[in-house]
Amino acid sequence: MIFALALLLSVAALGQVFLDDVYEVVRFENGEKLPDASFPRVMENGLHGFGTAMTISLVGILAVKINFLLFFKRLGTQIPSYLIFWYIVLFVTVACGATNIGLMDYKCVFESLEYTLQHCTQRSRLKRYFDFQIVSVILDVVSDALIICFPVVILWNVRISLRKKIILSCTFGLVALTIAVTIVRGSVFGGSYKSFNKNESQNLNMGWMWFWIFIEFAVGKSAASHL
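Under mature numbering (1 follows the signal peptide of the UniProt record, and there is no 0), read the sequence shown as residues -15 to -1, 1 to 212, first letter to last.
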(Lines of atoms letter the chains of each structure in order from A and count residues from 1; the text may use other names and numbers.)
(Lines give C-alpha, C1' and ligand atoms only; values in the text may rest on other atoms or scores of the structure.)
Protein backbone atom coordinates (compact mmCIF):
# COMPACT_ATOMS: atom_id res chain seq x y z
CA MET A 1 0.00 0.00 0.00
CA ILE A 2 3.01 2.30 0.26
CA PHE A 3 3.13 2.31 -3.54
CA ALA A 4 -0.54 3.33 -3.79
CA LEU A 5 -0.05 6.00 -1.11
CA ALA A 6 2.92 7.42 -3.03
CA LEU A 7 0.79 7.59 -6.19
CA LEU A 8 -2.07 9.27 -4.33
CA LEU A 9 0.27 11.89 -2.89
CA SER A 10 1.73 12.40 -6.37
CA VAL A 11 -1.72 13.17 -7.78
CA ALA A 12 -2.37 15.60 -4.91
CA ALA A 13 0.97 17.32 -5.61
CA LEU A 14 0.15 17.54 -9.32
CA GLY A 15 -3.10 19.22 -8.38
CA GLN A 16 -1.21 21.90 -6.49
CA VAL A 17 0.96 22.57 -9.53
CA PHE A 18 -1.43 22.21 -12.46
CA LEU A 19 -5.06 22.68 -11.33
CA ASP A 20 -4.94 26.46 -11.77
CA ASP A 21 -4.03 25.89 -15.42
CA VAL A 22 -6.74 23.22 -15.76
CA TYR A 23 -9.38 25.64 -14.46
CA GLU A 24 -8.13 28.31 -16.86
CA VAL A 25 -8.51 25.84 -19.76
CA VAL A 26 -12.09 25.17 -18.63
CA ARG A 27 -12.77 28.91 -18.61
CA PHE A 28 -11.39 29.22 -22.15
CA GLU A 29 -13.56 26.29 -23.31
CA ASN A 30 -16.71 27.73 -21.72
CA GLY A 31 -16.14 31.14 -23.27
CA GLU A 32 -15.69 32.79 -19.89
CA LYS A 33 -12.25 34.06 -20.91
CA LEU A 34 -10.87 34.96 -24.31
CA PRO A 35 -7.55 33.42 -25.40
CA ASP A 36 -4.62 35.72 -24.75
CA ALA A 37 -0.82 35.50 -24.86
CA SER A 38 -0.84 33.02 -21.98
CA PHE A 39 -3.21 30.61 -23.74
CA PRO A 40 -0.58 28.27 -25.31
CA ARG A 41 1.35 27.85 -22.06
CA VAL A 42 -1.78 27.41 -19.94
CA MET A 43 -3.30 24.92 -22.38
CA GLU A 44 -0.17 22.77 -22.60
CA ASN A 45 0.41 22.83 -18.83
CA GLY A 46 -3.21 22.00 -18.11
CA LEU A 47 -3.33 19.10 -20.55
CA HIS A 48 0.01 17.66 -19.44
CA GLY A 49 -0.94 17.88 -15.76
CA PHE A 50 -4.37 16.38 -16.42
CA GLY A 51 -2.96 13.51 -18.48
CA THR A 52 -0.32 12.71 -15.87
CA ALA A 53 -2.82 12.79 -13.00
CA MET A 54 -5.30 10.57 -14.86
CA THR A 55 -2.63 8.00 -15.72
CA ILE A 56 -1.24 7.87 -12.18
CA SER A 57 -4.77 7.61 -10.75
CA LEU A 58 -5.66 4.69 -13.01
CA VAL A 59 -2.46 2.86 -12.03
CA GLY A 60 -3.16 3.63 -8.37
CA ILE A 61 -6.74 2.34 -8.53
CA LEU A 62 -5.46 -0.90 -10.06
CA ALA A 63 -2.85 -1.19 -7.28
CA VAL A 64 -5.57 -0.74 -4.65
CA LYS A 65 -7.71 -3.47 -6.22
CA ILE A 66 -4.77 -5.88 -6.31
CA ASN A 67 -4.18 -5.14 -2.62
CA PHE A 68 -7.82 -6.09 -1.90
CA LEU A 69 -7.34 -9.33 -3.83
CA LEU A 70 -4.13 -10.23 -1.98
CA PHE A 71 -5.97 -9.74 1.31
CA PHE A 72 -8.83 -12.03 0.26
CA LYS A 73 -6.44 -14.67 -1.07
CA ARG A 74 -4.98 -15.16 2.40
CA LEU A 75 -8.44 -15.97 3.74
CA GLY A 76 -9.08 -18.91 1.43
CA THR A 77 -5.74 -20.55 0.74
CA GLN A 78 -7.07 -23.97 1.81
CA ILE A 79 -10.04 -23.98 -0.59
CA PRO A 80 -9.09 -25.04 -4.18
CA SER A 81 -12.29 -23.75 -5.82
CA TYR A 82 -11.89 -20.44 -4.00
CA LEU A 83 -8.32 -20.07 -5.30
CA ILE A 84 -9.40 -20.85 -8.88
CA PHE A 85 -12.03 -18.13 -8.69
CA TRP A 86 -9.45 -15.80 -7.12
CA TYR A 87 -7.07 -16.22 -10.07
CA ILE A 88 -9.92 -15.63 -12.51
CA VAL A 89 -10.87 -12.39 -10.73
CA LEU A 90 -7.21 -11.34 -10.59
CA PHE A 91 -6.91 -11.82 -14.35
CA VAL A 92 -10.13 -9.90 -15.06
CA THR A 93 -9.15 -7.09 -12.67
CA VAL A 94 -5.68 -6.65 -14.20
CA ALA A 95 -7.16 -6.87 -17.71
CA CYS A 96 -9.77 -4.20 -16.88
CA GLY A 97 -7.13 -1.97 -15.31
CA ALA A 98 -4.73 -2.38 -18.23
CA THR A 99 -7.56 -1.64 -20.67
CA ASN A 100 -8.41 1.55 -18.78
CA ILE A 101 -4.80 2.67 -18.93
CA GLY A 102 -4.42 1.67 -22.58
CA LEU A 103 -7.56 3.47 -23.75
CA MET A 104 -6.27 6.89 -22.68
CA ASP A 105 -5.63 9.14 -25.69
CA TYR A 106 -2.11 10.10 -24.65
CA LYS A 107 -1.30 12.04 -27.80
CA CYS A 108 -4.07 14.55 -27.13
CA VAL A 109 -2.74 15.39 -23.67
CA PHE A 110 1.01 15.02 -24.07
CA GLU A 111 1.68 16.21 -27.64
CA SER A 112 2.23 19.84 -28.62
CA LEU A 113 -0.59 22.37 -28.57
CA GLU A 114 -0.53 22.51 -32.37
CA TYR A 115 -1.20 18.76 -32.56
CA THR A 116 -3.97 18.99 -29.98
CA LEU A 117 -5.79 21.83 -31.73
CA GLN A 118 -5.44 20.19 -35.14
CA HIS A 119 -6.33 16.59 -34.29
CA CYS A 120 -8.09 16.50 -30.92
CA THR A 121 -10.91 19.01 -31.37
CA GLN A 122 -12.70 16.96 -34.02
CA ARG A 123 -16.02 15.43 -33.04
CA SER A 124 -14.83 11.89 -33.80
CA ARG A 125 -11.83 12.32 -31.48
CA LEU A 126 -13.98 13.84 -28.74
CA LYS A 127 -16.48 10.99 -29.03
CA ARG A 128 -13.64 8.54 -28.62
CA TYR A 129 -12.72 10.18 -25.32
CA PHE A 130 -16.34 10.28 -24.15
CA ASP A 131 -16.57 6.57 -24.96
CA PHE A 132 -13.37 5.94 -23.02
CA GLN A 133 -14.87 7.50 -19.90
CA ILE A 134 -18.01 5.35 -20.15
CA VAL A 135 -15.97 2.17 -20.72
CA SER A 136 -13.69 3.13 -17.82
CA VAL A 137 -16.64 3.35 -15.42
CA ILE A 138 -18.11 0.05 -16.65
CA LEU A 139 -14.80 -1.80 -16.28
CA ASP A 140 -14.28 -0.36 -12.79
CA VAL A 141 -17.75 -1.47 -11.66
CA VAL A 142 -17.29 -4.97 -13.15
CA SER A 143 -13.95 -5.55 -11.43
CA ASP A 144 -15.24 -4.10 -8.13
CA ALA A 145 -18.34 -6.30 -8.29
CA LEU A 146 -16.16 -9.39 -8.72
CA ILE A 147 -13.95 -8.36 -5.80
CA ILE A 148 -16.98 -7.88 -3.56
CA CYS A 149 -17.91 -11.53 -4.12
CA PHE A 150 -15.05 -12.66 -1.86
CA PRO A 151 -16.31 -11.31 1.48
CA VAL A 152 -19.80 -12.57 0.59
CA VAL A 153 -18.54 -16.10 -0.15
CA ILE A 154 -16.45 -16.20 3.03
CA LEU A 155 -19.26 -14.90 5.23
CA TRP A 156 -21.73 -17.48 3.94
CA ASN A 157 -19.55 -20.54 3.45
CA VAL A 158 -16.67 -20.43 5.92
CA ARG A 159 -16.87 -20.87 9.69
CA ILE A 160 -14.98 -17.97 11.19
CA SER A 161 -15.11 -16.03 14.43
CA LEU A 162 -17.57 -13.19 14.97
CA ARG A 163 -14.70 -10.69 14.98
CA LYS A 164 -13.58 -11.78 11.52
CA LYS A 165 -17.16 -11.67 10.27
CA ILE A 166 -17.46 -8.09 11.46
CA ILE A 167 -14.18 -7.19 9.73
CA LEU A 168 -15.33 -8.82 6.49
CA SER A 169 -18.69 -7.07 6.69
CA CYS A 170 -16.90 -3.73 7.05
CA THR A 171 -14.67 -4.63 4.10
CA PHE A 172 -17.79 -5.45 2.08
CA GLY A 173 -19.14 -2.00 2.91
CA LEU A 174 -15.88 -0.28 1.96
CA VAL A 175 -15.72 -1.98 -1.43
CA ALA A 176 -19.40 -1.15 -1.95
CA LEU A 177 -18.57 2.50 -1.16
CA THR A 178 -15.86 2.44 -3.83
CA ILE A 179 -18.38 1.08 -6.34
CA ALA A 180 -20.83 3.84 -5.34
CA VAL A 181 -18.21 6.53 -6.01
CA THR A 182 -17.47 4.98 -9.41
CA ILE A 183 -21.17 4.98 -10.28
CA VAL A 184 -21.46 8.63 -9.21
CA ARG A 185 -18.50 9.46 -11.45
CA GLY A 186 -20.29 7.72 -14.32
CA SER A 187 -23.62 9.45 -13.66
CA VAL A 188 -22.00 12.89 -13.46
CA PHE A 189 -20.21 12.24 -16.73
CA GLY A 190 -23.32 10.68 -18.27
CA GLY A 191 -25.10 14.03 -18.58
CA SER A 192 -22.29 15.40 -20.73
CA TYR A 193 -22.29 12.21 -22.80
CA LYS A 194 -26.03 12.46 -23.53
CA SER A 195 -25.68 16.09 -24.57
CA PHE A 196 -22.80 15.18 -26.84
CA ASN A 197 -24.81 12.40 -28.51
CA LYS A 198 -27.64 14.87 -29.16
CA ASN A 199 -25.16 17.04 -31.11
CA GLU A 200 -25.33 19.70 -28.44
CA SER A 201 -22.16 21.67 -27.76
CA GLN A 202 -20.45 20.00 -24.83
CA ASN A 203 -16.89 20.28 -23.58
CA LEU A 204 -14.91 17.83 -21.52
CA ASN A 205 -14.55 19.44 -18.11
CA MET A 206 -11.07 18.35 -17.09
CA GLY A 207 -11.51 19.78 -13.60
CA TRP A 208 -14.51 17.56 -12.84
CA MET A 209 -12.87 14.52 -14.40
CA TRP A 210 -9.75 15.05 -12.30
CA PHE A 211 -11.87 15.56 -9.16
CA TRP A 212 -13.92 12.38 -9.51
CA ILE A 213 -11.05 10.08 -10.50
CA PHE A 214 -9.10 11.41 -7.50
CA ILE A 215 -12.09 10.83 -5.18
CA GLU A 216 -12.41 7.26 -6.44
CA PHE A 217 -8.69 6.66 -5.92
CA ALA A 218 -8.71 8.25 -2.45
CA VAL A 219 -11.78 6.31 -1.29
CA GLY A 220 -10.34 3.02 -2.57
CA LYS A 221 -6.99 3.73 -0.91
CA SER A 222 -8.69 4.62 2.37
CA ALA A 223 -10.75 1.43 2.26
CA ALA A 224 -7.75 -0.78 1.46
CA SER A 225 -5.65 0.75 4.25
CA HIS A 226 -8.12 -0.67 6.81
CA LEU A 227 -7.45 -4.26 5.75
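The beta-carbon is built from N, C-alpha and C at its ideal position, and this holds for glycine as well.
Which of helix, strand or coil DSSP assigns to residue i
i           : result
residue 210 : coil
residue 129 : helix
residue 89  : coil
residue 190 : coil
residue 15  : coil
residue 62  : coil
residue 202 : helix
residue 144 : coil
residue 5   : helix
residue 25  : helix
residue -15 : coil
residue 20  : coil
residue 76  : helix
residue 118 : helix
Under 7 Å between C-beta atoms of residue i and residue j
i           : j           : result
residue 37  : residue -9  : no
residue 167 : residue 204 : no
residue 68  : residue 54  : no
residue 133 : residue 160 : yes
residue 90  : residue 114 : yes
residue -15 : residue 154 : no
residue 35  : residue 7   : yes
residue 94  : residue 171 : no
residue 9   : residue 27  : yes
Cut-off 7 Å between Cβ atoms - residues of its own chain near residue i, not counting five sequence neighbours on either side
i          : result
residue 41 : -9, -6, -5
Supposed contact pair residue j and residue i - C-beta distance, whole angstroms, cut 8 Å
i          : j           : result
residue 32 : residue 101 : 7 Å
residue 22 : residue 206 : Not really, about 40 Å apart at Cβ, beyond 8 Å.
Close Cβ partners of residue i (< 8 Å) along its chain, the five nearest in sequence each way excluded
i           : result
residue 103 : none
residue 86  : 40, 43, 44, 47
residue 150 : 140
Endpoints, the alpha helix (DSSP H) within which residue i is located
i          : result
residue 99 : 98 to 104
6 Å Cβ shell around residue i - same chain, five flanking residues per side excluded
i          : result
residue 71 : 58
Distance cut-off 6 Å: residue i Cβ against heavy atoms of the ligand GTP
i           : result
residue 103 : Although the ligand GTP was asked about, the structure shown includes no ligands whatsoever.
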